[in-house]
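A short write-up of the structure that comes next.
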Amino acid sequence: MTLTSVLLPTTVVGSYPVVKGSGLFARMDPLKHAVEVAVADQIGAGIDIISDGQVRGDMIRAFTSHLPGIRGSSVVGKVQPATRPITLADTKYALSRHPKVKGILTGPSTLAHGLSIETPFYRNKDELVLDLAQALAVEANYLQDAGVALIQVDEPIFSTGAANIAVGREAVNAIAGRLRVPASLHVCGNLGNVIDDVLRINVAAFDFEFANNPGNLEVLSEKDLGGRMIGYGCVDSADPGVESIETIKKRLEAGIDVFSPDTMLVDPDCGLRMQTRDAALGKLKNMVVATGLVRAGYTA
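So in my numbering, spot 217 of the sequence shown is number 217, and the numbers just go up one at a time.
And the structure:
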């Protein structure tokens, strides 16, 4: 899988601090300015594969509020695809500013576990997960046709033990299997108890956190990725401090000891939405500089 012409391409997991606009245009779309800021900051930091910033609400409601069959946080009928694209407009804006953009979907298992079932149509969340996958596959197709470089499916629920990963695997495969562009699966948290199940999922790349969960590096060191790429989280998204370039560089070098650099994507552990804009931008800038220093050692 070749996403860019550079070794160790930098990217983001997705979300960015929300910087709301003001004035007349902001009344019409109060979050348009936040999208513009997120995109501009990622480009300004030098990120190779950007996102739209994921600024329009939390990762659950951003999708479920658009799906027929869901009202609030309750499933009240059969879940259907949205009647119109959900994330396409913001993704197209990002594509108008930068050649490489990833489309991002909250995964069906994570969505299902953020909802309560209040209809006899579903006997359990496993059945719900599969219908959510079909709805998300439609959104994924919109993003693919718009020209994204890859599509990331976020399944943070997988590391918690709360999800049925066999069903989750079927659901993610149902999305990824319909795509022409590469699919990436993001799972944050400690992977020790679930890594074997996660690695059975048929995606082109996995994205894990290693800064806040350094034990994941040892877990992955014993596993065969089967030629898939690894999104290497080297910036702690939960830490409000901006790590030094040297700290990030050392984390990257530790990753290269385990993974071949030509299989690695470089990114923060998770989204940066909960940080201040200054901290988020600082983290991205230092990550890009650290990556450049490491990259130079392999391309000189």
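Using N, Cα and C, we set each Cβ at its ideal position, and we do this for glycine too.
My assumption, with CB atoms under 8 Å, is that D131 sits in contact with K78. Please give the rounded CB distance. Indeed they touch by this definition, with Cβ atoms about 7 Å apart.
Once the 5 residues before and after V242 are set aside, which same chain residues still bring their CB inside 7 Å of it? The beta carbon of V242 sits closer than 7 Å to the beta carbons of A279, G282, K283 and N286 from its chain, once the five residues preceding and following it are set aside; these are given in chain order.
Inter-residue CB distance, A183 and I151 (contact presumed, cutoff 8 Å): Going by Cβ atoms, the distance from A183 to I151 rounds to 5 Å, so yes, they are a contact pair.
With burial defined as no fewer than 16 other Cβ atoms inside 10 Å of the residue's Cβ, what is the status of I43: buried or exposed? Flag for I43 reads exposed.
Per DSSP, the bridge partner or partners of K102: Paired residues: L150.
Could you give the residue range of the beta strand (DSSP E) that holds F259? From DSSP, F259 is part of no beta strand (DSSP E); its letter is neither H nor E.
Would you kindly report the start and end of the unbroken alpha helix (DSSP H) that includes A45? From DSSP, the alpha helix (DSSP H) with A45 extends over K32 to A45.
For the pair the region 51-59 and the region 8-19, tell me if three or more CB-CB distances fall below 8 Å. Three or more Cβ pairs drawn from the region 51-59 and the region 8-19 lie within less than 8 Å of each other, which places the two stretches in contact.
Residue environment, Y298, which counts as buried when at least 16 other CB atoms sit within 10 Å: Of the residues assessed, Y298 falls on the exposed side of the cut-off, its CB having fewer than 16 other CB atoms within 10 angstroms.
Reference D269, options V194, L252 and K223, closest by Cα: Looking at the Cα atoms, L252 is the closest of the given residues.
Contact under 7 Å by Cβ, N216 with F206: No, the Cβ-Cβ distance between N216 and F206 is not below 7 Å.
With distances taken from CA atoms, which of A174, V266, R169 and I47 is nearest N141? Residue A174 is the option with its Cα nearest to N141.
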